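This report refers to the structure that appears directly beneath it.
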Amino acid sequence: MRDLKAELEQRRAKGLYRSRRVLEGRQTPEQVVDGRQVIAFCSNDYLGLASHPKVIAALRKGASEYGAGAGAAHLVNGHTRAHHQLEEELAAFANRERALLFSTGYMANLGVAQALLGRSDYVLEDRLNHASLIDAGLLSGARFQRYRHATAVDLAQRLAGLGQTGERLVLTDGVFSMDGNLAPLPELASICTAHQAWLLVDDAHGLGVLGETGAGSLEHFGLSQQQVPILMGTLGKAFGTAGAFVAGSEALIETLIQSARTYVYTTAMPAAVAEATRAALRIVQTEGKRREKLRALVARFRTGAEQLGLKPLDSQTPIQPLVIGDAVEALRLSERLLEQGLLVPAIRPPTVPEGTARLRVTLSAAHTETQVDRLLEALDRSMRGSEDVGSR
Ligand SMILES: Cc1ncc(COP(=O)(O)O)c(C=O)c1O
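In structure tokens:
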């Protein structure tokens, strides 16, 4: 039997131990974690909708109309009018024929890969894809390859080298979750079309944030359903609620309903969450000023960081990582920031490649300029004199 205690101790010694903090109250920038008042720079609530009064009111109203839980899977009798309307609204928002709700983004990714692929097929993934995409590819049982990060030519060469038969599915983050950069989606889309490969874009971090109406990376690049046949979007980030959806052709969605196991064999998300998400979607679409504010805060952070000699990764999105390198050092810096009342997590392997541990700053439209300035001052204080810091 494995000696779990010893393994945990080893993990701790390497600076790789993960522990949870207990949050009191709502997901807002000012919060109390583990009894300490902090300003958090780690939430994915990019537009500040998790605690928006209209979203909370819709959740309450939804619960009083539909009850607390869905009570059954979508294919049994858990699929309410609220779910159905949300799917139609999401399809229109994403400019796709149809959309299908899943209980989480993780399950959506798993479900698509399993429904489309078998052992004689191929799945190709960006090296820095989110874990849920990697797991989706591995668990599908298809032949698995990773291509160089954001490198379309490597993908093209790999596709050209595959056998004549078998489905090909290419999976990529739209905005990379640990780096904040965008995938070269127009190039990936034309390569996939040329090689008759499906392209799935996981836009967990682009939806709500990018594009004129907040429809994400695909709107940002102007990519149609024909160019990107599968969009996966999560609702727990910029939408401030929970769950996910897949959008694409009528035939794709019907195929998922018939055979995506993570869709068929699970209880539907509570209808109240669907109602809250409908309210969030209206705000995403109509309040472009939230995206503008977010963009301004990102610019403020980057200018300030550069003036201090810090070098955040090249990202124009609210994900602004500072690569430190060593996991123990990243953890130490994160703790120093916490002592100053700022919550910025240290992201360590295996979430990021070995030697690239980082402070992952995320910004939200709910932050104030003053809060961003406080973060910059605290980063300056914490990182000054730190010899092991790769970002200086
Ligand atoms: C890129 C990406 N895809 C998928 C997921 C999973 O989504 P969910 O939290 O809804 O399972 C996440 C994070 O949670 C993510 O960052």
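Whatever position you read off the sequence shown (first residue = 1), add 1 for the working numbering. All C-beta atoms, glycine included, are put in the ideal place defined by N, C-alpha and C. Computed from a prediction, not measured in an experiment: that's the story for all the values here.
Identity of the residues DSSP links to residue i by a beta bridge
i: Tyr148; result: Asp127
i: Thr29; result: Partner(s): none; Thr29 has no beta bridge.
i: Gly375; result: The displayed chain sequence assigns Arg, not Gly, to residue 375. Partner(s): none; Arg375 has no beta bridge.
i: Arg12; result: DSSP, once it has assigned bridges, lists no residue as partnering Arg12.
i: Val362; result: Gln321
i: Ala41; result: Leu344
i: Leu24; result: Val34
Residue nearest to residue i in terms of C-alpha spacing, selected from the options
i: Ser260; options: Glu276, Glu90, Ala116 and Arg291; result: Ala116
i: His206; options: Leu236, Arg13 and Glu370; result: Leu236
i: Gly249; options: Leu9, Pro54, Ala51 and Phe94; result: Phe94
i: Arg61; options: Ile135, Val274, Ser44 and Gln165; result: Val274
i: Leu343; options: Glu307, Val33, Leu9 and Arg159; result: Val33
i: Glu90; options: Leu160, Trp199 and Val247; result: Val247
i: Arg292; options: Gln228, Gly68, His368 and Leu309; result: His368
i: Thr287; options: Leu9, Asp35, Arg37 and Leu48; result: Leu48
i: Leu257; options: Glu10, Ala109, Gly26 and Leu139; result: Ala109
i: Ala216; options: Asn130, Ala239 and Leu201; result: Ala239
i: Leu189; options: Asp180, Asn182, Gly175 and Gly36; result: Gly175
i: Ala281; options: Val202, Ala64, His196 and Gly209; result: Gly209
i: Ile192; options: Asn45, Glu251, Ala297 and Thr152; result: Thr152
i: Tyr264; options: Gly68, Ala74 and Gly16; result: Ala74
i: Leu186; options: Ala198, Val202, Ala195 and His196; result: Val202
i: Ala252; options: Arg375, Gly356, Val113 and Leu314; result: Val113
i: Val154; options: His196, Ser141 and His131; result: His196
i: Leu140; options: Asp127, Gln28, Gly289 and Leu118; result: Leu118
i: Leu398; options: Leu376, Ala331, Leu156 and Val362; result: The structure shown has nothing for residue 398, since the chain only spans 2 to 393.
i: Ala51; options: Gly310, Pro350, Ser65 and Arg279; result: Arg279
i: Pro351; options: Arg19, Thr29 and Ala306; result: Arg19
i: Leu314; options: Pro346, Ile40, Arg359 and Ala347; result: Arg359
i: Arg37; options: Ser44, Glu25, Cys43 and Leu101; result: Glu25
i: Leu200; options: Thr214, Thr173, Phe177 and Leu211; result: Thr173
i: Lys294; options: Arg99, Leu364 and Gly164; result: Leu364
i: Leu134; options: Arg303, Val345 and Leu170; result: Leu170
i: Arg301; options: Glu370, Lys312 and Thr357; result: Glu370
i: Phe42; options: Ala100, Val299 and Gly244; result: Val299
i: Thr194; options: Gln226, Phe177 and Leu211; result: Gln226
i: Asp327; options: Glu168, Gly167 and Thr357; result: Thr357
Residue i classed as buried or exposed, judged by whether at least 16 other C-beta atoms fall within 10 angstroms
i: Gln86; result: exposed
i: Asp4; result: exposed
i: Ala366; result: buried
i: Tyr266; result: exposed
i: Ser218; result: buried
i: Pro354; result: exposed
i: Gly106; result: buried
i: Leu111; result: buried
i: Glu388; result: Bear in mind that a pLDDT of 46 at Glu388, under 50, signals an unreliable position, so the number given afterwards is only what the model happens to contain. So Glu388 ends up on the exposed side.
i: Val390; result: Low confidence applies here, because Val390 scores a pLDDT of 45, under 50, leaving its location unreliable and the question unanswered by this model.
i: Glu88; result: buried
i: Asn78; result: exposed
i: Ala161; result: exposed
i: Gly223; result: exposed
i: Asp374; result: exposed
i: Val401; result: Since the first and last residues shown for the chain are 2 and 393, residue 401 lies out of range.
i: Asp127; result: buried
i: Glu276; result: buried
i: Arg13; result: exposed
i: Glu220; result: buried
i: Gly138; result: buried
i: Arg385; result: exposed
i: Glu10; result: exposed
i: Gly234; result: buried
i: Arg27; result: exposed
i: Lys15; result: exposed
i: Arg262; result: exposed
i: Ala100; result: buried
i: Arg97; result: buried
Quiz item: Which runs of the beta strand (DSSP E), 3 residues or longer, sit entirely within the region 142-202?
Solution: 144-148 and 169-174
Exercise. Could you pull out every unbroken alpha helix (DSSP H) segment of at least 4 residues lying fully inside the region 278-344, listed in chain order?
Key: 289-308 and 328-340
Exercise. Could you tell me whether the region 120-128 touches the region 143-162, using the rule of 3 or more Cβ pairs below 8 angstroms?
Key: yes
Exercise. Note down, one range per segment and in chain order, each alpha helix (DSSP H) of at least 4 residues found wholly within the region 57-140.
Key: 82-95, 106-117 and 132-140
Quiz item: Counting Cβ pairs, one atom from each stretch, are 3 or more of them under 8 angstroms apart for the region 374-381 and the region 325-345?
Solution: yes
Practice problem: With a floor of 3 residues, list each beta strand (DSSP E) that falls wholly inside the region 199-269, ordered by position along the chain. | Solution: 199-203, 231-235 and 245-249
Quiz item: Is there contact here, the region 177-187 with the region 307-322, by at least three beta-carbon pairs under 8 angstroms?
Solution: yes
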